[in-house]
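Report on one structure; see the data block that follows.
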Amino acid sequence: MLSTFLFDLDGTLLDSKKPFIIAYNRALAKNGLPPLPADESSAIRILRQPADKIIMDLIDEKKALDQRFVEAFTEDLREAYGEVYESHTSLSPFAKEVIVALKSNSQKIGIVTSRYSFADYIVPALNQMGVGKHIDIIVTSQDVASTKPSPEPFLLAAEKLNRGPEECVVIGDSPEDILAGKAAGMLTIAYTGGFYGIEELSRYNSDLMIDDLRKLLALVNNPL
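Straight run, no breaks: the sequence shown in the working numbering ends on number 252.
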């Protein structure tokens, strides 16, 4: 029986597109580089990649080989994100309602994210939005040797919560979430309200696909 809900963070629990776009554009401008595409969907296609791949895509090849430049750009990006995340990050629709309802039904709630550079902003953001106290475990890229689509982050979260994979459900908005959850032997739910849409996520055969986080509540008493 399901007892644990493991959420991806960006694009699933958090609507974090806007602060990332602003932060990247500030860091790019500071370093004399062109901004992200003005079209949001085009910018999102870049930003949904792993952080190191994003940076490599945004700076020219010569600068990409300059480790000092990459480190300086990354620090500028962290600084810019720190300036905007509180005012521009919001919970995804119905996220708080769902988290509170799950906790009232004695469910464990974890966050499993590929964040590394911005990991230290997670707890302040969750506390600011009133959901931090409901989260039982947070696993970031800093905690594991292999990130999604490796199952390691989800398995670590389950282990720390003293839960077996069969008791856990993974909710995420990316192919990496679904692949990692499947490899971990967990139920997988693709959320289409984040960085990826229905057409892209349907290729990965999640156990369920939802466009509204409230649909998770049906699983508490009626698991798949």
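Where a beta carbon is used, it is the ideal one built from N, C-alpha and C, also for glycine. Owing to the predicted nature of the structure, the values given are computational and were not obtained by experimental measurement.
So, under 8 Å CB-CB, residue i and residue j are touching, yes? Tell me the CB distance rounded to an integer number of Å.
i, j, result
"A55", "L93", "Incorrect: roughly 18 Å between the Cβ atoms, too far for contact."
"D205", "K243", "Going by Cβ atoms, the distance from D205 to K243 rounds to 16 Å, so no, they are not a contact pair."
"L41", "L215", "Not a contact, Cβ separation roughly 17 Å."
"A211", "G138", "At roughly 17 Å, the Cβ-Cβ gap does not stay under 8 Å, so A211 and G138 are not in contact."
"D36", "I199", "7 Å"
"T141", "D43", "No, T141 and D43 are not in contact; Cβ-Cβ is about 14 Å, not under 8 Å."
"I72", "K46", "Not quite, the Cβ-Cβ distance comes to about 11 Å (not below 8 Å), so this is no contact."
"P65", "A57", "Incorrect: roughly 15 Å between the Cβ atoms, too far for contact."
Looking only at its chain, what residues have a beta carbon closer than 8 Å to the beta carbon of residue i, apart from the 5 residues adjacent to it on each side?
i, result
"A203", "The question names Ala, but residue 203 is Pro in the sequence shown. So the qualifying residues of the chain are P177, Y224, E228, L229, R231 and Y232."
"R191", "S31, T32 and K136"
"A153", "L42, Y113, E114 and T117"
"G110", "Y149"
"A147", "T141, T168, S169 and Q170"
Which term fits residue i, buried or exposed, when burial requires 16 or more other beta carbons within 10 angstroms of its beta carbon?
i, result
"Q170", "exposed"
"N181", "At residue 181 the sequence reads Pro, which differs from the Asn that was named. Its Cβ being crowded by 16 or more others within 10 Å, P181 is buried."
"A246", "exposed"
"I217", "buried"
"V151", "exposed"
"S234", "buried"
"D201", "buried"
Taking the alpha-carbon positions, what's the residue i to residue j distance?
i, j, result
"L130", "F97", "45 Å"
"G221", "L241", "9 Å"
"E195", "K161", "22 Å"
"P179", "S70", "29 Å"
"V197", "N59", "42 Å"
"P78", "N250", "35 Å"
"M123", "V159", "Checking the displayed sequence, the identity of residue 123 turns out to be Ala instead of Met. Cα to Cα, the separation comes out at about 9 Å."
"Q95", "D80", "12 Å"
"Q156", "E125", "15 Å"
"Y52", "I87", "11 Å"
"G213", "P121", "28 Å"
"I127", "K90", "46 Å"
"S174", "T102", "21 Å"
"A108", "A208", "30 Å"
"I238", "E99", "38 Å"
Hey, would you say the C-beta of residue i is under 7 Å away from at least one heavy atom of the ligand FMN?
i, result
"N59", "With respect to the ligand FMN, the structure offers nothing, as it holds no ligand at all."
So is residue i in contact with chain D if we call contact Cβ pairs under 8 Å?
i, result
"A66", "In the structure shown, chain D does not exist; there is a single protein chain."
Apart from the five residues on each side of it in sequence, which residues of its chain come closer than 6 Å, Cβ to Cβ, to residue i?
i, result
"V248", "N133"
"M84", "A92"
"I226", "T220"
"L236", "I217"
For residue i, which residues from the same chain have a beta carbon less than 7 Å from its beta carbon, with the 5 sequence-adjacent residues on both sides left out?
i, result
"I82", "I74 and L75"
"L189", "T32, K136, G138, D164 and I165"
"F48", "L75"
"Y144", "A79, T168, S169 and Q170"
"V172", "E180, P181 and L184"
TODO: Let me know the alpha helix (DSSP H) ranges lying completely inside the segment 172 to 210, each 4 residues or longer, listed in chain order.
DONE: Secondary structure remark: continuous alpha helix (DSSP H) runs of at least 4 residues inside the segment 172 to 210, in chain order: 180 to 188.
Open item on the list: So within the segment 214 to 245, which uninterrupted beta strand (DSSP E) runs reach at least 3 residues, ignoring any that extend past its ends?
Closed with: The segment 214 to 245 contains these whole beta strand (DSSP E) runs: 215 to 219 and 236 to 238.
Task: 3-residue-minimum beta strand (DSSP E) runs that sit fully inside the segment 90 to 127, ordered along the chain - done: If we require 3 residues or more, the segment 90 to 127 turns out to have no beta strand (DSSP E) run fully inside it.
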